[in-house]
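Residue numbers (this note's numbering), protein chains in the order written: chain E, 35 to 456; chain C, 35 to 456; chain F, 35 to 456; chain X, 35 to 456.
4 protein chains.
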Amino acid sequence: MWVEGCLSAAGTVPAVALLVQKFGGTSVADPERIREVADHVARCRRRGDDVVLVVSAMGKETDELLRLAGEVSDIRPGREMDMLITAGERKAIALVSMALAAAGVESESYTGSQAGFLTDTNHTNAKILEVRAERIRDAVDAGRVPVVAGSQGVSTERDVTFLGRGGSDTTAVALAHELRADACELYTDVSGVFTTDPRVVESARKMHRISFDEMLEMTAAGCPKPAMRSVEYAHRQRVPLHVRSAFTWEVGTWVTEEDPDMEHAVIRAVVPDLSEAKVTVGGVPDRPGIAANLFRRLADADINVDMIVQNASEGGITDISFTVPHSELDTALEICEAKRAEIGAATVTADPRIAKISVVGAGMKSNPGVAATMFETLAEHGVNIEMISTSAIRISCVVAESEADRAVQVLHDVYDLANTDF
Amino acid sequence: MWVEGCLSAAGTVPAVALLVQKFGGTSVADPERIREVADHVARCRRRGDDVVLVVSAMGKETDELLRLAGEVSDIRPGREMDMLITAGERKAIALVSMALAAAGVESESYTGSQAGFLTDTNHTNAKILEVRAERIRDAVDAGRVPVVAGSQGVSTERDVTFLGRGGSDTTAVALAHELRADACELYTDVSGVFTTDPRVVESARKMHRISFDEMLEMTAAGCPKPAMRSVEYAHRQRVPLHVRSAFTWEVGTWVTEEDPDMEHAVIRAVVPDLSEAKVTVGGVPDRPGIAANLFRRLADADINVDMIVQNASEGGITDISFTVPHSELDTALEICEAKRAEIGAATVTADPRIAKISVVGAGMKSNPGVAATMFETLAEHGVNIEMISTSAIRISCVVAESEADRAVQVLHDVYDLANTDF
Amino acid sequence: MWVEGCLSAAGTVPAVALLVQKFGGTSVADPERIREVADHVARCRRRGDDVVLVVSAMGKETDELLRLAGEVSDIRPGREMDMLITAGERKAIALVSMALAAAGVESESYTGSQAGFLTDTNHTNAKILEVRAERIRDAVDAGRVPVVAGSQGVSTERDVTFLGRGGSDTTAVALAHELRADACELYTDVSGVFTTDPRVVESARKMHRISFDEMLEMTAAGCPKPAMRSVEYAHRQRVPLHVRSAFTWEVGTWVTEEDPDMEHAVIRAVVPDLSEAKVTVGGVPDRPGIAANLFRRLADADINVDMIVQNASEGGITDISFTVPHSELDTALEICEAKRAEIGAATVTADPRIAKISVVGAGMKSNPGVAATMFETLAEHGVNIEMISTSAIRISCVVAESEADRAVQVLHDVYDLANTDF
Amino acid sequence: MWVEGCLSAAGTVPAVALLVQKFGGTSVADPERIREVADHVARCRRRGDDVVLVVSAMGKETDELLRLAGEVSDIRPGREMDMLITAGERKAIALVSMALAAAGVESESYTGSQAGFLTDTNHTNAKILEVRAERIRDAVDAGRVPVVAGSQGVSTERDVTFLGRGGSDTTAVALAHELRADACELYTDVSGVFTTDPRVVESARKMHRISFDEMLEMTAAGCPKPAMRSVEYAHRQRVPLHVRSAFTWEVGTWVTEEDPDMEHAVIRAVVPDLSEAKVTVGGVPDRPGIAANLFRRLADADINVDMIVQNASEGGITDISFTVPHSELDTALEICEAKRAEIGAATVTADPRIAKISVVGAGMKSNPGVAATMFETLAEHGVNIEMISTSAIRISCVVAESEADRAVQVLHDVYDLANTDF
């Protein structure tokens, strides 16, 4: 039985469940896909599950709307932007609701406002203040499938608001929490979370389950999906997530609370990240306040500094290295250059051709040798480590970009991730 | 001065006016056109006019939404259809409002609901019950340009409703009436109303002005734009219309109350209509109730019968001919065939290759020779008349389709429409 | 190493390979996906592989072009249709080639004609006569990646031709054969071939490898991807196929020649098919020629009859049942009804609510008990079998539609498909 | 008769003509418009005309393709760009040809290559070397309507080439010349050439006829349509142009050789142009070579300098003012600033808020008072003239942007353009 499978995988979903299912843009990109979604929901209903849908705008529609806005105007009043963008989800919920009708499932569409999402007035990036989900709860009780527009609400000033890109996940998690749903399923175009990038390592394996903490470290380390914001939110609200595919419909990866009895593997995943560049400020006097001065200035300019390493001082002179996203490298260099005289630095150099390789695993906490294994393995394969940083359950090394694929491959091998199944 | 021009043309628009301007789909089809609309409104504002905009969905978007609905489902719940379709205008009003901001014009977008359009619950074809235009009036008073979504409202049950295709004209006329606007301008892709079809007669001339009665007879005779529904509505509400182009921006055609002092031309336009077919029920006994029996049955089947002619009886036997749209010909023939035995008719025949040629003009009422001139002219040029019908200000003749272009040309010539200017 | 993985999975791809990679519509649906394809190809090039790309039209573009054709005309001249449709792939190859340039990969786009695909003159469904791939071979030898438009060629009369929907797979297999490529990779939106439908059975497992014969039986049994035509063609040309995902990029399913030493599992997959309906012609005299008469007539009407069962005669009277696609049911019934008197049948009845459940596996040939297990298992779970048919490596049973999911689940369990790995 | 009308208007088109009709993007933007084009061509054929069509890509498709290119890559190889862009016209010609088939008109589509357009190898902006129009001529002789893809050809190296934006007009004029057509009709979304901008002056009037020289001066003065390149080309090839609307289908404006007997009006049009800005280099020593030095440097940077005025020297010091497009103002200012020391100038200032107002008319050559009238009229209405330049048949004045509308209005009045008909 499907439900038994869920139980065994996640240990959380009862035989007859209330599921919030969120379908992202690619999952409802065209009529054919929308009909597939409706068929899937009809099947869930036949199994006895109650279902609440949260739907994003179709395919690339949000991008398209933003592009149109950019072409009509270089001024983008927030109120009008939200009126514009939220049209995309309205269209999607109406179409999904019609497709459900054709599949024999009673349903009704709800805008964010109708679904009870009350937000602040921060247009284009509103925050949810409260979810008054009575209409949704009533619809479920009446045996209907509510189809809720993702990422939208109504502000305290009665204007339409948008929760920002990726906000549909937030809508889904918030509804799941509010309705005390058994799980929140995020349907997307990937089939789950993998032990590493399958493009780099052929034996990369889809994980059946991962803890919130591990998932958060993976996204922090550069894993692109699911969005960190929704994982954090689900973690806080204690809503089990199921990241799965609306193309293959196979079981995906459950993201849940850590189960102390069940966890055995030390390392769960190797995460490569090629999106950052390294900046080195060289020949800096080793005086208090130098770093503070520099990084305050970078923070004021909204530069996302990730790793920071300061070498031991030699003769009162030291080097400070840090990484920033490629897109922010130019600005970061300008700021360092401008600060150079003030902080007495000798040089400012940049290396855009680096890769950050991270290993993540909750088991690391009780296994002291993980870092040593990582360093040894890279050394054995001639991969030079340029920077290191660690958290309780993650170790990240910066290496040359040209070594990235090899580093990922040998780490995936040494921790035997292809064969460690849960 | 532009305003003087308006005065001389229409006799109704004061120096500084309140104008409701409706922009149809082709007028806002893409960002370039939307920016042109914004520039035009900015110019009107600089001249001192107050402007309220009513905007349709961009280009073919409504068709596209209907197509998507058809592809996801063969069931189309009215509530969901209206949720879907009205997304198109929301998108358009937000974009137009942003373009106005870029052009330096303060504005705000309003959905049908926000603009105060209260409708019945007849989804996909709702009727306006009331227009509570306070927010619009306040915005105008505050010096802003309200941008209102055309063809939509909110029902007495608080659901989103759609007024049907072409409903934006109705929204504009209703707002113009409610706000006591000086005129309602319908911007479209044609430059006005012509004395005949310019594809048929090269010397066809755009009219500066036409009366509501004449305009209504022209649309009844087959003239495609503006839609009869909005003309009737404007006539009833006594709102002067200005049908004009959002491509050339030249002055178009004013549709206004008839001015008894000003009207001189007997005939204003020659209107060809190739959309109908002729049905003849032959050898019918000349008994009371036969026609009633037949046409009641056709009416029950929603057949739009236009012209009806019954020949004089010979020996108690007569023929009845009538015209119907091509699209309804097959159904009409089935009904006549089914009735044939009952009404004792000998034959049922159809001729799809006919054309209806109408001449329209309010001056006809006081000029008895118009019909004679029409018949003589057609006869002189060898055009055979198959059917005739008249109203107070219109004469229509059915001729063979192959004669249509020639008939239109010679009638346009004989009434000297190319040179009769107002 | 990736290449070792390929070797172990398929036993056919050498360390440095020549790969023909075909990307379907969803794989190049938008700029983001096209850039991902380019990144993937760049990575393959860095590994030392030679790559030839075959690209379909973006996303739903072919559907869109067909729709436009339908909206402008009810006449569709073949020459013009092919001029129209092939514009879609031209657009895609140019964009993919530009994306490759941006990813640092030298490439050049080729239309079907430029790539040497010579076809017959059968517009909209042309057959390949010859592939003169010199330009493609030269490009590969020169270190470039040719990007070839799928599904198109030039006819013997020098007109542009289209190979039909799904023809890009054929283009790819033909090129792979002509270039003696090591493998033909079909990138799509599914991650491979599964042991059964993951929507029905949660423990459905992606297969690493399957033989051509099994794959063909699976597609015949209703498995939607890959298209039977391309599998047959690859089988005939002995080109190993790799069906894999352009979304997750994980290793997919290899379709290859059967390896006599390696094959152990008796059953590989359980395939449900809900697309057919059952027709029963009852009370037929048990005379020679009756069935021939009926099925010849159905064949003449292009009805795709799948299964046929004739019951044992009782008193010289028998029943004939057969299945047809739902879309052809009405026509099939009309034909049977029309034939009823002639063949002396008592009744014609239809049941659209059936499901065909097939088990497929090459091991069946040497394992006599497979059918018995299937029937017993269904009986134990109370699933009634209405029709049975078999091939050398497939057994199909018709059951009630409402029993389909349960039947698939219990068969997947009894043959232990979730755990039988290759 | 339509043909008589043409004769009287243009004096060039015989009773039964060979017409090259070019339909721009908006004229074939969707299926409905394409069917309208087909109906129009069918009507022309019934009148006995031979017709050759030249068709642009549908609506905004070329923009869309360029956008896609920009989103997949920042490298745009010319060969691939032309492969991409030309897909748009291929699609359009196939659809138009199908629509003609549905309208009962025999036709065949031709790519640029098939139509015989041989070009140089200058991708994205190729020049026509030769037109080998045999296939087109044969099709016309056989009674078919060839539908030719605009703006494309095949290079001397057998690659697909694109003639650049607006190149369809060039294709049409070149074909008209090559086929010795009686006229080349450019169908667009405006109804002709107006005496001034109808948005500014309500009484602006569409001209029936204008000479090539006047049309060229108008486009040089800022009139947006038709493109100068095609007018020049038609002028050189002596092909009469007819600029007209594919929306209203009314007769437009003929652009032809000047007829010495017919021309009476001194001034034909008032053309406003708000697209330029003024730069003033002040306090320049009045030495030979200073201006040459400056304007050579601007020319080398591809700055389009339009008007140049140098004031009389006072004490050996002078000012030089010139106008450039707004989009090039920043670069122009940088260059002037960089040159300032070298040429010894005191100041560099810019004024972006200017308008150039031009009056154009061939009659000016024999009417000495035109300029005086222009200056007096502007002075009377308090409009200050900042710069003046003249050609044989044009006078341009730069005024403040805020005075532009008033200047245009009073000049249109003083030359009585609303009532001067030809």
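Even for Gly, the Cβ is constructed at its ideal location relative to N, Cα and C. If you're wondering where the values come from, they're calculated on a predicted model, not measured in any experiment.
So, residue i versus residue j, is the Cβ gap smaller than 7 Å?
i, j, result
"Thr314 of chain X", "Asp353 of chain X", "yes"
"Thr287 of chain F", "Gly226 of chain F", "yes"
"Thr229 of chain E", "Leu367 of chain E", "no"
"Ala136 of chain C", "Asp108 of chain E", "yes"
"His446 of chain X", "Val235 of chain X", "yes"
"Ala311 of chain X", "Pro258 of chain X", "no"
By Cβ distance below 6 Å, which residues in the same chain neighbour residue i in space, the five residues on each side in sequence not counted?
i, result
"Ile422 of chain F", "Cys431"
"Val444 of chain X", "Thr411 and His415"
"Thr120 of chain X", "Gln186, Val194 and Phe196"
"Asp320 of chain F", "Ser347, Gly350 and Thr352"
Leaving out the 5 sequence neighbours to the left and right, which residues in its chain are closer than 8 Å to residue i when beta-carbon positions are compared?
i, result
"Lys399 of chain C", "Ala426 and Ile427"
"Leu134 of chain F", "Ala72, Val75, Ala76, Glu140, Ser141, Val179 and Val181"
"Thr155 of chain C", "Ser189, Thr190, Glu191, Asp193 and Thr195"
"Met115 of chain E", "Ala103, His157, Thr158 and Phe196"
Comparing C-alpha positions only, which one of the options sits nearest to residue i?
i, options, result
"Gly350 of chain X", "X:Leu118, X:Pro322 and X:Glu191", "X:Pro322"
"Ala215 of chain F", "F:Leu275, F:His157, F:Val285 and F:Asp64", "F:Leu275"
"Asn338 of chain F", "F:Gln344, F:Ala346, F:Phe329 and F:Asn345", "F:Phe329"
"Ala127 of chain C", "C:Ala311, C:Ala183 and C:Asp439", "Contrary to the premise, residue 127 of chain C reads as Ile rather than Ala in this sequence. Of the candidates C:Ala311, C:Ala183 and C:Asp439, the one whose C-alpha sits nearest the C-alpha of Ile127 of chain C is C:Ala183."
"Thr96 of chain E", "E:Val88, E:Arg69, E:Asp83 and E:Ala63", "E:Ala63"
Skipping 5 residues on each side, what residues in its chain have a beta carbon closer than 7 Å to that of residue i?
i, result
"Thr253 of chain X", "Met262 and Val265"
"Glu251 of chain F", "Val394, Ser425, Ile427 and Arg428"
"Val85 of chain E", "Leu53, Gln55, Val75, Cys78, Arg79 and Val179"
"Met35 of chain X", "Note on Met35 of chain X: pLDDT 23, under 50, position unreliable in the model; the coordinate value appears next. Closer than 7 Å at the Cβ level, and outside the excluded window around Met35 of chain X, lies no residue."
Could you tell me which residues DSSP pairs with residue i in its beta bridges?
i, result
"Lys390 of chain F", "F:Asp307 and F:Val432"
"Met421 of chain C", "C:Val432"
"Gly286 of chain F", "Beta-bridge pairing links Gly286 of chain F to no other residue."
"Pro258 of chain C", "According to DSSP, Pro258 of chain C bridges with nothing at all."
"Arg171 of chain E", "DSSP, once it has assigned bridges, lists no residue as partnering Arg171 of chain E."
"Tyr221 of chain E", "E:Phe57 and E:Arg278"
"Ala183 of chain X", "X:Val89"
Would you call residue i buried or exposed, if buried means 16 or more other Cβ atoms sit within 10 Å of its Cβ?
i, result
"Lys390 of chain E", "buried"
"Ala255 of chain E", "buried"
"Ala372 of chain E", "exposed"
"His360 of chain F", "exposed"
"Gly378 of chain F", "exposed"
"Ser436 of chain X", "exposed"
"Ala441 of chain C", "buried"
"Asp231 of chain X", "buried"
Chain D contacts made by the stretch 278–290 of chain X, where a contact means CB separation under 9 Å
The structure shown has no chain D; the protein chains it does contain are E, C, F and X.
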